[in-house]
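Engineer: Questions regarding the structure given below will be posed in turn.
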Amino acid sequence: MRYQNLAEAYEQLESVSSRLEKTKRLADFLKNVTDLPRVLLLLQGRVFMPGDEREIGVASQLAVKAIVVASGKTTSQVETLWKKTGDLGKAAAEVVQKKSQSTLVSSHLTVQKVFDNLQKLASMEGQGTVDRKVKLIAELLSQASPLEARYVIRTVLSDLRAGVGDSTIRDALVWAYVMDPKYDGKKIDVDREKYTQVVEVVQSAYDVSNDFGTVAQLLKKEGIKGLDKTKMTVGKPLKVMLYQKAQDIKDAFKTVGRPAAIEYKYDGFRMQIHKKKDVKIFTRRMENVTKQFPDVVKLVQDHVRAKECILDAEAVGLKKGQYIAFQHMSQRIKRKYDIAKMAKELPVCVCVFDMLELDGQALVQTPFQERRKLIEKTIKPTKFIKPAEQLVTDDEKQATAFYEKSLQAGNEGVMMKNLESGYKPGSRVGFGVKVKPVMETLECVIVGAEWGEGKRSKWLASFTLAIRDGDGYLEIGKMGTGIKEKPEEGLSFGEMTELLKPLVLEEKGKSVKTKPKIVVEINYEEIQKSPTYASGYALRFPRFVRLREDRGPHDIADRKEVEKLYKGQRGRA
Ligand code: AMP
Numbered sequence: 002m003r004y005q006n007l008a009e010a011y012e013q014l015e016s017v018s019s020r021l022e023k024t025k026r027l028a029d030f031l032k033n034v035t036d037l038p039r040v041l042l043l044l045q046g047r048v049f050m051p052g053d054e055r056e057i058g059v060a061s062q063l064a065v066k067a068i069v070v071a072s073g074k075t076t077s078q079v080e081t082l083w084k085k086t087g088d089l090g091k092a093a094a095e096v097v098q099k100k101s102q103s104t105l106v107s108s109h110l111t112v113q114k115v116f117d118n119l120q121k122l123a124s125m126e127g128q129g130t131v132d133r134k135v136k137l138i139a140e141l142l143s144q145a146s147p148l149e150a151r152y153v154i155r156t157v158l159s160d161l162r163a164g165v166g167d168s169t170i171r172d173a174l175v176w177a178y179v180m181d182p183k184y185d186g187k188k189i190d191v192d193r194e195k196y197t198q199v200v201e202v203v204q205s206a207y208d209v210s211n212d213f214g215t216v217a218q219l220l221k222k223e224g225i226k227g228l229d230k231t232k233m234t235v236g237k238p239l240k241v242m243l244y245q246k247a248q249d250i251k252d253a254f255k256t257v258g259r260p261a262a263i264e265y266k267y268d269g270f271r272m273q274i275h276k277k278k279d280v281k282i283f284t285r286r287m288e289n290v291t292k293q294f295p296d297v298v299k300l301v302q303d304h305v306r307a308k309e310c311i312l313d314a315e316a317v318g319l320k321k322g323q324y325i326a327f328q329h330m331s332q333r334i335k336r337k338y339d340i341a342k343m344a345k346e347l348p349v350c351v352c353v354f355d356m357l358e359l360d361g362q363a364l365v366q367t368p369f370q371e372r373r374k375l376i377e378k379t380i381k382p383t384k385f386i387k388p389a390e391q392l393v394t395d396d397e398k399q400a401t402a403f404y405e406k407s408l409q410a411g412n413e414g415v416m417m418k419n420l421e422s423g424y425k426p427g428s429r430v431g432f433g434v435k436v437k438p439v440m441e442t443l444e445c446v447i448v449g450a451e452w453g454e455g456k457r458s459k460w461l462a463s464f465t466l467a468i469r470d471g472d473g474y475l476e477i478g479k480m481g482t483g484i485k486e487k488p489e490e491g492l493s494f495g496e497m498t499e500l501l502k503p504l505v506l507e508e509k510g511k512s513v514k515t516k517p518k519i520v521v522e523i524n525y526e527e528i529q530k531s532p533t534y535a536s537g538y539a540l541r542f543p544r545f546v547r548l549r550e551d552r553g554p555h556d557i558a559d560r561k562e563v564e565k566l567y568k569g570q571r572g573r574a
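Residue 2 is where the sequence shown starts when you use this note's numbering, and the numbers rise one by one after that.
Next up, the structure:
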């Protein structure tokens with residue numbers, strides 16, 4: 002399949018903002034796609050499956066070099082164009098355009114060729130890596146049409162800007178292969194009940210497999226029935242189940258029923274652990290962090306009595322036998338060198354709170370209390386790996402005492418879980434809820450910043466926060482408080498500047514726009530209605546609490562959550 006077809010589809014998607022219109026265009030495109038697995042990954046802006054350790058890993062400067070090599074322009078010419086358009090993809094398109102008028106492009110780019118070259122970028126190491134990477138990208142650019150060049154560069158930089166999120170892709174698959182709703186340019190006319198059911202089945206198949214390619218192929222060949230064949234595979238990450246919030250113990254019982262399981266809510270790092278011949282560890286964002294945790298691999302090999310299984314757990318840092326705060330743990334996640342030393346200095350305790358598969362049997366439909374029994378049977382508990390501390394009760398007093406005990410032990414709060422529920426990957430169904438005493442915080446993503454003034458002029462000093470809205474982001478405020486001048490005192494302006502610099506998409510005067518990647522936890526005094534920001538809300542006195550390296554921009558607060566928090570504020574209910 003020609004890459005030009007895909008590039009045209011990206012452009013079509015980029016040029017409209019209505020979600021229905023995007024869905025329609027994507028569905029029409031997908032009907033004729035032959036190379037579904039590759040195309041669907043590329044539509045998500047990626048060339049590796051979730052859980053694959055490899056990353057394209059190309060910085061803007063390297064992409065500039067490749068454009069220079071392919072176009073014969075100078076670096077400063079390319080950089081000027083980049084500044085002018087605010088988009089290196091468009092800059093590439095412009096110089097490629099000039100070139101393709103003078104030389105005849107002899108061969109066409111194929112989806113496979115682009116895919117293969119981008120994958121190769123990830124496996125390069127050692128001497129001469131930069132030159133070889135430049136060559137691979139330049140090779141694509143020199144065969145590319147301007148439109149193709151635009152999207153090759155954006156894919157390389159993981160900044161596709163075509164605006165299709167998972168939910169649009171899911172709906173487009175439904176429209177393309179299952180039910181094609183009548184669409185009049187504004188709304189769809191469809192049997193709602195059936196449509197919602199079909200969408201749910203496709204979503205579940207995706208949550209379990211994380212693989213739109215396979216889902217699409219099955220749908221195309223066998224229709225919705227075909228999705229019965231998607232199943233979880235030990236070794237491949239799946240989306241984790243999420244939990245709702247409850248106000249207090251009483252409220253929690255209302256959601257999960259009585260009796261319920263009440264567990265410590267450990268303040269650590271969520272791990273999905275897959276044991277087969279090898280052990281693999283994934284984050285809640287499905288990144289493979291096995292290398293960073295050789296100690297956990299060993300614990301699982303020695304203390305989990307199963308040939309194969311998938312565990313859901315929280316790894317908490319331990320120092321002198323005490324649980325330590327999440328921040329310290331994040332050092333282990335980022336660590337590339339001296340991993341063994343770090344594992345000794347900052348050991349973790351793996352608290353296992355769920356099990357999704359055991360020796361060939363999927364447990365997602367098995368009631369929670371049965372799963373818990375299996376956890377207890379399978380894990381030989383030690384100081385470093387054990388089932389999560391749990392009590393089953395229908396009594397508020399007992400539950401409250403357990404909650405207090407949990408807080409005293411240094412935990413964040415408690416989780417309360419329905420005993421009969423299954424495990425629903427990717428969903429925030431009310432099978433379990435969390436209860437925490439702290440004031441509400443909000444997770445936001447940084448989408449821009451401003452250079453400071455005076456002694457802060459070398460740093461980015463004010464940060465634009467955004468919440469999620471479907472596949473896009475809406476601004477909700479600017480924050481500088483809570484970030485420190487000196488690194489010894491906490492996260493510093495200098496560190497934040499370094500984090501954001503590679504993500505800068507556009508710079509105008511003192512302001513920069515950044516790729517939405519850095520997730521921060523914020524507290525605030527109040528949420529107000531405000532016309533200043535696109536979300537329609539503004540945070541009063543937002544203050545930085547901590548970086549959430551374990552969260553991606555998809556995991557942050559969305560408009561609905563903010564609306565709920567706004568309404569729940571004193572006097573507004
Ligand atoms: P939150 O991060 O506030 O949405 O709370 C949910 C998170 O708490 C989960 O994603 C887990 O990482 C963590 N957690 C800690 N202990 C437990 C537990 N016993 N059961 C479920 N989740 C837990």
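C-beta atoms are modelled at their ideal positions from N, C-alpha and C, and glycine is treated no differently. Note that this is a predicted model, so its numbers are computed, not measured.
(1) Quick one: what's got a C-beta closer than 6 Å to H109's C-beta in the same chain, skipping five residues either side?
(2) Relative to the C-alpha of A307, which candidate in K320, K337, T234, K381 has its C-alpha closest?
(3) With distances taken from CA atoms, which of Q248, V200, A8, A316 is nearest I274?
(4) I68 by DSSP, collapsed to three states: which one?
(5) Tell me whether the beta-carbon of L148 lies closer than 7 Å to the beta-carbon of R155.
(6) Compute the distance between the beta-carbons of E522 and V546, then report whether it is under 7 Å.
(7) Quick one: is the Cβ of Y244 within less than 6 Å of any heavy atom of the ligand AMP?
(8) If we ignore side chains and look at the alpha-carbon of each, how far apart do L137 and Q198 end up?
(9) My output table needs one value for Y567: the three-state DSSP class, helix, strand or coil.
(10) Name the two residues that bound the continuous alpha helix (DSSP H) containing H304.
(11) Closest Cβ-Cβ distance between V191 and chain B: below 7 Å?
(12) May I ask you to list the residues that DSSP assigns as paired with V165?
(13) Could you compute how far the alpha carbon of R571 sits from the alpha carbon of I528?
(14) Would you list the one or two residues that DSSP bridges to H275?
(15) Let me know if T81 comes out buried or exposed under the rule of 16 or more other beta-carbons within 10 Å of its beta-carbon.
(16) So, helix, strand or coil for G1, using DSSP?
(17) Please classify G227: does DSSP put it in a helix, a strand, or coil?
(18) Do E444 and the ligand AMP come close, with the Cβ less than 6 Å from some heavy atom?
(19) Please state the DSSP three-state secondary structure of T234.
(20) Kindly list the residues whose CB is nearer than 7 Å to the CB of A535, restricted to its own chain and excluding five residues on each side of it in sequence; keep chain order.
(21) With a floor of 3 residues, list each beta strand (DSSP E) that falls wholly inside the region 427-462, ordered by position along the chain.
(22) Leaving out five residues on either side along the sequence, give the residues of the same chain with a beta carbon under 6 Å from the beta carbon of E390.
(23) Suppose you measure from the CA of E564 to the CA of N524; what does that come to, to the nearest Å?
(24) Is A389 close to the ligand AMP? I mean its beta-carbon at under 6 Å from any heavy atom of the ligand.
(25) Using the C-alpha atoms, what's the distance from E421 back to L500?
(26) Anyone know if the C-beta pair for P238 and G52 falls short of 7 Å?
(27) With hydrogens ignored, establish whether the beta-carbon of F294 is closer than 6 Å to any heavy atom of the ligand AMP.
(28) Can you tell me which of the three DSSP states G572 falls into?
(29) What are the residues that DSSP puts in a beta bridge with Q580?
(30) For A67 versus A139, is the C-beta spacing smaller than 7 Å?
(31) Inspect the beta-carbon positions of E377 and P388 and report whether they are closer than 7 Å.
(32) Are the CB atoms of M233 and V209 within a distance shorter than 7 Å?
(33) Count the other C-beta atoms from every protein chain shown that fall within 10 angstroms of the C-beta of V17, then say buried if there are 16 or more, exposed otherwise.
(34) Evaluate P426 with the Cβ neighbour count: other Cβ atoms within 10 Å of its Cβ, from every protein chain shown; 16 or more gives buried, anything less gives exposed.
(35) Whose C-beta lies closer than 6 Å to the C-beta of M272 among residues of the same chain, with five residues either side of it excluded?
Structural biologist: So, from the listed chains and residues:
(1) So the qualifying residues of the chain are R3.
(2) Among K320, K337, T234, K381, the Cα nearest to that of A307 belongs to K381.
(3) Each of Q248, V200, A8, A316 was checked against the Cα of I274, and the nearest Cα belongs to A316.
(4) Three-state DSSP puts I68 in a helix.
(5) The criterion of a C-beta distance shorter than 7 Å is not satisfied by L148 and R155.
(6) Yes, the pair counts as a contact, with Cβ atoms nearer than the cut-off.
(7) Yes - the ligand AMP has a heavy atom lying nearer than 6 Å to the Cβ of Y244.
(8) Cα atoms of L137 and Q198: separation of roughly 44 Å, rounded to the nearest angstrom.
(9) DSSP places Y567 in helix when its eight states are reduced to three.
(10) Unbroken alpha helix (DSSP H) run through H304: 295-304.
(11) In the structure shown, chain B cannot be found, because there is only a single protein chain.
(12) In the DSSP output, where bridge partners are listed per residue, V165 has none listed.
(13) Note that R571 scores 49 on pLDDT, short of 50, meaning its location in the model is unreliable; the coordinates nonetheless yield the value given after this. Roughly 11 Å between the two C-alpha positions.
(14) Looking at the DSSP output, H275 shares a beta bridge with K281, I311.
(15) Counting the other Cβ atoms within 10 Å of the Cβ of T81 gives fewer than 16, which makes it exposed.
(16) Limits of the chain in this structure are 2 at one end and 574 at the other, which puts residue 1 out of reach.
(17) DSSP places G227 in helix when its eight states are reduced to three.
(18) Not one heavy atom of the ligand AMP sits closer than 6 Å to the Cβ of E444.
(19) T234 falls in the coil class under three-state DSSP.
(20) If we look at A535 and ignore the five residues flanking it on each side, its Cβ neighbours are L475, E476.
(21) List check, beta strand (DSSP E) in window: 433-436, 443-452.
(22) Cβ neighbours of E390 beyond the five flanking positions: Y265.
(23) Between the C-alpha atoms of E564 and N524 there is a straight-line separation of about 16 Å.
(24) Taking 6 Å as the cut-off, the C-beta of A389 counts as close to a heavy atom of the ligand AMP.
(25) Using only the alpha carbons, I get a separation of about 44 Å.
(26) Between P238 and G52, the CB-CB gap stays under 7 Å.
(27) The nearest non-hydrogen atom of the ligand AMP is 6 Å or more from the C-beta of F294.
(28) For G572, the predicted structure reports a pLDDT of 41, less than 50, and the residue's modelled location is therefore unreliable. A value from the coordinates is still provided. Three-state result, G572: coil.
(29) Residue 580 lies beyond the stretch modelled for the chain, which goes from 2 to 574, so this question has no answer here.
(30) Going by C-beta atoms, A67 is nearer than 7 Å to A139.
(31) The beta carbons of E377 and P388 sit closer together than 7 Å.
(32) Their beta carbons are under 7 Å apart, which means V209 touches M233 by this criterion.
(33) With a 10 Å radius around the Cβ and a threshold of 16 neighbouring Cβ atoms, V17 comes out exposed.
(34) Per the 10 Å Cβ criterion, buried.
(35) Closer than 6 Å at the Cβ level, and outside the excluded window around M272, lie I282, A314, A316.
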